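For the protein sequence lines, the chains are A and B, in the order given. What the first sequence shows, in our numbering, is residues 4 to 168, in sequence order. What the second sequence shows, in our numbering, is residues 13 to 150, in sequence order. Reviewing the structure listed below.
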Amino acid sequence: MPAPDRRAFLLGGIATGALLVAGCSADEPEPEAIEIEPTAPEEPDANLVDEFALIAAYTGAIAAFPELRGTLTTISDQHRAHARELGATDTDLAGIEPIPPDAAKVRPAVTELIKRERAAARLRADSTVGDLDTATIRALTFIAASEASHIPELQDVRRGLGGGS
Amino acid sequence: MTYTDPAAIAAIRDAIRSEQNYVFACGLAGAQLKGGGRRRAVNQLADRRQRIEVLAAMIDEAEVPSTPPAFEPPTPIDNARSARRALVDLNNALVGTYAQVAATTEGDDRAIAVASAQDCARTAVQWGGASQAFPTAA
Numbered sequence: 004m005p006a007p008d009r010r011a012f013l014l015g016g017i018a019t020g021a022l023l024v025a026g027c028s029a030d031e032p033e034p035e036a037i038e039i040e041p042t043a044p045e046e047p048d049a050n051l052v053d054e055f056a057l058i059a060a061y062t063g064a065i066a067a068f069p070e071l072r073g074t075l076t077t078i079s080d081q082h083r084a085h086a087r088e089l090g091a092t093d094t095d096l097a098g099i100e101p102i103p104p105d106a107a108k109v110r111p112a113v114t115e116l117i118k119r120e121r122a123a124a125r126l127r128a129d130s131t132v133g134d135l136d137t138a139t140i141r142a143l144t145f146i147a148a149s150e151a152s153h154i155p156e157l158q159d160v161r162r163g164l165g166g167g168s
Numbered sequence: 013m014t015y016t017d018p019a020a021i022a023a024i025r026d027a028i029r030s031e032q033n034y035v036f037a038c039g040l041a042g043a044q045l046k047g048g049g050r051r052r053a054v055n056q057l058a059d060r061r062q063r064i065e066v067l068a069a070m071i072d073e074a075e076v077p078s079t080p081p082a083f084e085p086p087t088p089i090d091n092a093r094s095a096r097r098a099l100v101d102l103n104n105a106l107v108g109t110y111a112q113v114a115a116t117t118e119g120d121d122r123a124i125a126v127a128s129a130q131d132c133a134r135t136a137v138q139w140g141g142a143s144q145a146f147p148t149a150a
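Structure representation (structure tokens):
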């Protein structure tokens, strides 16, 4: 007989099921075994992770090239709005560390952002495939469209830099 | 696939009407634009007519709205600036229209709707609009 004040939760059997033994005391019935279906570890949402990476890349680019702060901050704020729509919290957003651009010069750094936006637009569009609820499809379509629109906006920025930067 | 779900039919009909209006607007805008702007407007006439055909193929022929005899733009198109502004707004409005088509269709048709939404948002920026987190008409 277990100790009167014992409270124990035992989890086991990752592959075949878990057994939970819940509390008991002297005047409580014998512990009851409950079968719990195994659950796969929750995978992070690829779109949300990608939005975090975009925000980090923009933050890094703004730090490296403050002259681009205006346009890049506007686009970065839009990615923050996308991330919130996908479930990010203010705490999540506050914890994003900047990713410095690979390029030391501004023009190739903008090209890096264009590539990231192109990949993001593709990922978001691909994510609308399959059995999803209508609200998710609508949200991903809006975000995919927004990210596609960042490409010509950044191309304009790059054109404005001329060829020598 | 021919959709019979009323929500899908309504969304597709709405997209067809919006594209028909956009074709009219391109014609009106083209008259006010010069050079590259006019060429782009003319090119978009053909692109959007083709898109209307793709949308029309998704529903029964009887459900396809006929081309209206004219289109009154929400704001007058009477110079190059207002022409660009109108094309920005119509494209941004189409993003939401296509999001609804995407939400009510499936497979390749959904992919077409998403790609169209992306194209409209991109085109709005190319006409001089600013990008938006969730593109919508001003």
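Note that the Cβ used here is the ideal one computed from N, Cα and C, for glycine as well. In this text, all values refer to a predicted model and were calculated from it rather than measured experimentally.
Residue i to residue j span [Cα, whole Å]
| i | j | result |
| --- | --- | --- |
| residue 15(B) | residue 69(A) | 51 Å |
| residue 92(A) | residue 58(B) | 44 Å |
| residue 135(A) | residue 144(A) | 12 Å |
| residue 58(A) | residue 81(A) | 9 Å |
| residue 90(A) | residue 98(A) | 15 Å |
| residue 72(A) | residue 65(A) | 5 Å |
| residue 84(A) | residue 77(A) | 11 Å |
| residue 150(B) | residue 88(A) | 21 Å |
| residue 100(A) | residue 123(A) | 19 Å |
| residue 29(B) | residue 130(B) | 19 Å |
Backbone secondary structure at residue i - three-state DSSP
| i | result |
| --- | --- |
| residue 136(B) | helix |
| residue 89(B) | coil |
| residue 89(A) | coil |
| residue 107(A) | coil |
| residue 7(A) | Residue confidence for residue 7(A) is low, a pLDDT of 36 falling below 50, so the modelled location carries little weight; the figure read from the coordinates is stated next. Residue state, collapsed to three classes: coil. |
| residue 142(B) | coil |
| residue 134(A) | coil |
| residue 78(B) | coil |
| residue 28(B) | helix |
| residue 15(B) | coil |
Residue i beta carbon near the ligand COA (any heavy atom closer than 7 Å)
| i | result |
| --- | --- |
| residue 126(B) | The ligand content of the structure shown is nil, which means the ligand COA is not present either. |
Beta-carbon gap between residue i and residue j smaller than 8 Å
| i | j | result |
| --- | --- | --- |
| residue 31(B) | residue 71(B) | no |
| residue 62(B) | residue 38(B) | no |
| residue 125(B) | residue 135(B) | no |
| residue 102(B) | residue 33(B) | yes |
| residue 115(A) | residue 137(B) | no |
| residue 77(B) | residue 104(B) | no |
| residue 79(A) | residue 62(A) | yes |
| residue 92(B) | residue 140(B) | no |
Task: the region 44-58 of chain B in contact with the region 103-117 of chain A per 3-pair CB rule at 8 Å - done: Verdict: no, contact absent.
Open item on the list: Count Cβ pairs between the region 19-30 of chain B and the region 152-159 of chain A that sit closer than 8 Å; are there 3 or more?
Closed with: By the Cβ criterion, the region 19-30 of chain B is not in contact with the region 152-159 of chain A, since fewer than three pairs of Cβ atoms, one from each stretch, lie closer than 8 Å.
Open item on the list: Three or more C-beta pairs under 8 Å: does that hold for the region 100-120 of chain B against the region 117-127 of chain A?
Closed with: With a cut-off of 8 Å, the region 117-127 of chain A and the region 100-120 of chain B do not count as touching, because too few Cβ pairs lie within range.
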